[in-house]
Amino acid sequence: MGLDDTQVLPPIQADTPITRCRFYRQTCGLPARIQPELGIVMPAGSVGAITMPHQLGGTVKSHVQSRGIKLGPIISHPRSKRWTFLVIPDVPDEVRLFAELFRLNVSVSCMGAQIALPSPAPRSNGFRVWVKPPRDEFRPSGMAVVEAIRECADQRHPGRRRGISESISARRSMVEHGGMS
9 MGLDDTQVLP PIQADTPITR CRFYRQTCGL PARIQPELGI VMPAGSVGAI TMPHQLGGTV
69 KSHVQSRGIK LGPIISHPRS KRWTFLVIPD VPDEVRLFAE LFRLNVSVSC MGAQIALPSP
129 APRSNGFRVW VKPPRDEFRP SGMAVVEAIR ECADQRHPGR RRGISESISA RRSMVEHGGM
189 S
């Protein structure tokens, strides 16, 4: 084996907050920026976020995958034991829906909220890590994730009090079919 068989590989660029932020913006379509005291963040707006306890997040992730639905990026917050699903911000701003999710310890980011993203900076290690890192600009519908949360919560707690919107729908159906007056 001689020098003719040798390949010169391009230099590997170190992963820094600047290069990671650039990747998030250019490849993943995330409006990320570096904020010195917080690390890499982005405002909710063109991207939404749904945050939940990690146990529920794992159940939702498995549920979505078992249905053959494509998952988007998911962030783990190991210290607080929570997961954040990055989504299309199509969750309606409805008090009843937020109350239903609140009972499950789930929150939906409001417009302008700061969403912290994993960063390679040494002091941010362990604060946020990717469960499923972004590879492109794909994000699922926020409402598809909400529906998966509802289905998983119903499976975990079959006797739980149903959300107000579900109760109203069930009551309407009974009235329409003569089961209730």
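The sequence shown stops at residue 189 when you use the numbering used here, and every number in between is there. Idealized CB from N, CA, C, for every residue including glycine.
Cβ-based burial, residue i [other Cβ within 10 Å; buried from 16]
i, result
"Ala-40", "buried"
"Gly-47", "buried"
"Met-119", "exposed"
"Pro-142", "buried"
"Val-72", "buried"
"Thr-67", "buried"
"Ile-26", "exposed"
When the options are compared against residue i, the one with the closest alpha-carbon
i, options, result
"Leu-38", "Pro-44, Ala-52, Gly-150, Ser-70", "Ala-52"
"His-85", "Val-72, Met-60, Phe-31, Asp-101", "Met-60"
"Arg-104", "Gln-163, Pro-97, Val-116, Val-95", "Val-116"
"Ile-2", "Phe-135, Lys-78, Arg-158", "Nothing about residue 2 can be read from this structure; the chain reaches only from 9 to 189."
"Ser-149", "Val-99, Pro-142, Arg-30, Pro-25", "Val-99"
"Gly-160", "Glu-45, Phe-106, Val-114", "Per the sequence shown, residue 160 should be read as Cys rather than Gly. Considering only alpha carbons, the answer is Val-114."
"Asp-162", "Glu-108, Met-151, Leu-125, Glu-145", "Glu-108"
"His-62", "Val-137, Ala-22, Glu-145", "Val-137"
"Trp-91", "Leu-64, Tyr-32, Met-151", "Leu-64"
Whole-Å CB distance - residue i paired with residue j, under 8 Å assumed
i, j, result
"Val-153", "Phe-93", "5 Å"
"Val-139", "Ile-83", "7 Å"
"Arg-147", "Pro-81", "7 Å"
"Leu-125", "Met-50", "6 Å"
Coil, strand or helix - residue i by DSSP
i, result
"Ile-26", "helix"
"Gly-76", "coil"
"Ser-84", "strand"
"Leu-125", "strand"
"Leu-46", "coil"
"Lys-140", "strand"
Chain D contact for residue i (CB, 8 Å cutoff)
i, result
"Tyr-32", "Absence of chain D from the displayed structure is noted, only one protein chain being present."
Test item: CB-CB of residue i and residue j under 8 Å
i, j, result
"Pro-128", "Arg-30", "no"
"Thr-35", "Asp-144", "yes"
"Ala-121", "Val-95", "no"
"Lys-69", "Leu-79", "yes"
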